[in-house]
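Trainee:
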Amino acid sequence: MSDYYFNAFIDYILGIALSIIAAGMFTIGAILQKRGTEQLTEKGVELNLSDIDSLITAAKNKIWIIGIILGALGGLPYFLSQILIGVTLTQPLQGTGLLMLVIAAFFYLKETLKKEEIIGIIILIMGPIFLSLGGVLDIEKTLPMDFRFIITLVIFYVLCITGIVLSYIFANRGKKPAATFAVTSGIFFGMGAISSQLGNFLLELNLGVLSILGALFGYLMIFIGNAIGTLVANMAFQKGKAVRVIPVQAVGNLLIPVIGGVVIFLQVISYPIFFIIGICFQLGGGILLVRLQAKMQEPIIPDEILESEKIDKEENISNEEED
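To convert, count from 1 in the sequence shown and add 2; that's our numbering.
1. Roughly how many angstroms separate the alpha carbons of S52 and I15, rounded to a whole number?
2. With N228 as the anchor, note down where its alpha helix (DSSP H) starts and where it stops.
3. Are the CB atoms of V250 and G288 nearer to each other than 8 Å?
4. Buried or exposed for I196, going by 16 or more other Cβ atoms inside 10 Å?
5. Answer with buried or exposed for R246, where buried requires no fewer than 16 other C-beta atoms within 10 angstroms of its C-beta.
6. Does the beta-carbon distance from I266 to L161 come in below 8 Å?
7. At 4 residues or longer, what runs of the alpha helix (DSSP H) sit wholly inside the stretch 12 to 93?
8. Leaving aside the five residues before and after M237 along the sequence, list all residues of the same chain whose C-beta is less than 6 Å from its C-beta, in chain order.
9. Does chain C have any CB closer than 8 Å to the CB of I189?
10. Identify every residue that forms a DSSP beta bridge with V138.
11. Answer yes if the stretch 89 to 103 comes into contact with the stretch 10 to 26, meaning at least three C-beta pairs across the two stretches below 8 Å, and no otherwise.
12. What does a CB cutoff of less than 7 Å around G262 pick up in its chain, not counting 5 residues either side in sequence?
13. Return the chain-ordered list of same chain residues with a C-beta closer than 6 Å to the C-beta of L204, the five sequence neighbours on each side being excluded.
14. Can you look up G254 in the DSSP assignment and give me helix, strand or coil?
15. In angstroms with no decimal places, state the Cα-to-Cα distance between Y221 and Y273.
16. Using the three-state DSSP reduction, which class does E300 fall into: helix, strand or coil?
17. Quick check on DSSP: helix, strand or coil for K117?
18. Inspect the CB distances between the stretch 108 to 123 and the stretch 53 to 69 and report whether three or more fall short of 8 Å.
19. Ignore the nearest five residues each way along the sequence and tell me which others in K36's own chain have a CB closer than 7 Å to its CB.
20. So, for I141: in the same chain, excluding its five sequence neighbours on each side, which residues have a beta-carbon less than 7 Å away from its beta-carbon?
21. Going by alpha carbons, who is nearest to A252 out of L86, V167, L34 and L101?
22. In or out: I275 buried (at least 16 other Cβ within 10 Å) or exposed?
23. Please classify T144: is it buried, with 16 or more other beta-carbons within 10 angstroms of its beta-carbon, or exposed?
24. Just how far apart, CA to CA, sit G69 and T186?
25. Check for me: the alpha helix (DSSP H) holding R150 runs from which residue to which?
26. Quick one: using the 10 Å Cβ neighbour count with 16 as the cut-off for buried, is N9 buried or exposed?
27. Quick check on DSSP: helix, strand or coil for T182?
28. Using C-beta distances below 7 Å, list every residue in its chain close to K241, excluding the 5 sequence neighbours before and after it, in chain order.
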């Protein structure tokens with residue numbers, strides 16, 4: 003019995019360590035991608051999913067492609083962490099990447115934060131802590147694949163796809179593009195995380211061909227979700243700073259898998275009050291940063307234009323006095 007608890011403890015610690023390592027790889031990868039997009043912007047290249055040439059040009063940027071590869075490799079410790087401690091603990095721990103983000107963005111990208119943004123990020127960091135304190139239990143091996151399970155899974159994908167389409171449309175119409183692209187990316191990553199959990203769950207059921215097909219679907223969805231989510235995140239990087247884009251993206255990336263785990267896989271919440279507080283922190287911090295991002299993207303009249311208008315007014319007054 004003691005060996006059982008010891009092994010479980012080792013798995014728990016290893017799972018946490020792997021999740022934090024994955025968070026670091028994802029964050030550093032995103033920072034490198036952001037630097038790459040800055041170089042692309044300087045060359046007049048704007049990333050667009052429908053513009054293959056822009057994607058080919060981006061792939062030739064060494065810093066950008068290293069960031070993409072590092073982010074992709076982060077999926078390995080992330081998957082292993084999910085197997086050891088489950089998505090509902092692995093995903094909240096990804097919030098540790100926000101701390102790494104602030105440090106890396108400040109020293110490497112030379113990005114600064116306003117007081118309100120620091121408050122928003124602190125709130126977001128508190129979210130995963132409380133979600134973890136909620137004590138969400140792992141998926142029961144006896145969970146039935148009944149009508150309820152299938153319907154909730156279908157509704158989940160429909161809601162995710164609807165959210166992706168709407169936010170992408172808003173972004174392309176110029177409505178808070180950095181924030182809405184970040185939201186779109188977060189939904190893609192969140193959908194990918196649940197798909198990964200679905201694949202793991204179906205494999206453990208040992209249902210033969212059904213398990214294999216379900217697992218393939220789950221792993222295919224996480225590949226698609228992460229690939230497109232990464233590209234959309236880079237589109238957001240060209241519209242706003244990494245320290246503003248990634249925290250907004252993290253809201254969907256962290257909340258969707260946790261809530262999906264409870265609703266779809268019927269994971270039990272041991273301490274609901276902490277879980278609810280964690281969700282409120284995630285939503286509150288995300289909304290604050292979205293509002294700040296939108297405010298910063300409002301058109302500002304350059305100083306040169308103001309100075310020019312001032313000179314014109316002075317000349318007009320001078321001409322009137324001469325007349």
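Beta carbons are placed, not taken as given, at the ideal position from N, Cα and C, and that holds for glycine.
Mentor: According to the data block:
1. Cα to Cα, the separation comes out at about 43 Å.
2. Unbroken alpha helix (DSSP H) run through N228: V211 to F239.
3. Going by C-beta atoms, V250 is nearer than 8 Å to G288.
4. That one is buried.
5. So R246 ends up on the buried side.
6. No Cβ-Cβ contact shorter than 8 Å links I266 with L161.
7. The qualifying runs are 54 to 61, 64 to 75 and 77 to 87.
8. These residues qualify, in order along the chain: L49 and F183.
9. Protein chain content of the structure displayed is limited to a single chain, and chain C is not contained in it.
10. Paired residues: I271.
11. The answer is yes - the stretch 89 to 103 touches the stretch 10 to 26, with three or more Cβ pairs under 8 Å.
12. Excluding five sequence positions before and after G262, the CB atoms of its chain that fall closer than 7 Å to its own CB belong to F158 and I196, given in chain order.
13. For L204, where only same-chain residues beyond five positions count, the Cβ hits under 6 Å are S213, G216 and A217.
14. Looking at G254 - three-state DSSP - the assignment turns out to be helix.
15. In this structure, the straight-line span from the alpha carbon of Y221 to that of Y273 is close to 31 Å.
16. Only weak support is given to the placement of E300: the predicted model assigns it a pLDDT of 47, under 50, and the value that follows is read from those uncertain coordinates. Look at E300 here: in three-state DSSP terms it is coil, with no helix or strand label.
17. Correct three-state label for K117: helix.
18. Short answer: they don't touch.
19. Closer than 7 Å at the Cβ level, and outside the excluded window around K36, lie L111, F239 and A244.
20. Sequence-distant Cβ neighbours of I141 in its own chain, meaning closer than 7 Å and more than five residues away, are G88, F203, F267 and Q269.
21. Per the Cα distances, L101.
22. Classification for I275: exposed.
23. With a 10 Å radius around the Cβ and a threshold of 16 neighbouring Cβ atoms, T144 comes out exposed.
24. Using only the alpha carbons, I get a separation of about 20 Å.
25. Here the alpha helix (DSSP H) through R150 covers F149 to N174.
26. Counting the other CB atoms within 10 Å of its CB gives N9 a total below 16, which places it among the exposed residues.
27. Reduced to three states, the DSSP call for T182 is helix.
28. P179, A180 and F183, listed in sequence order.
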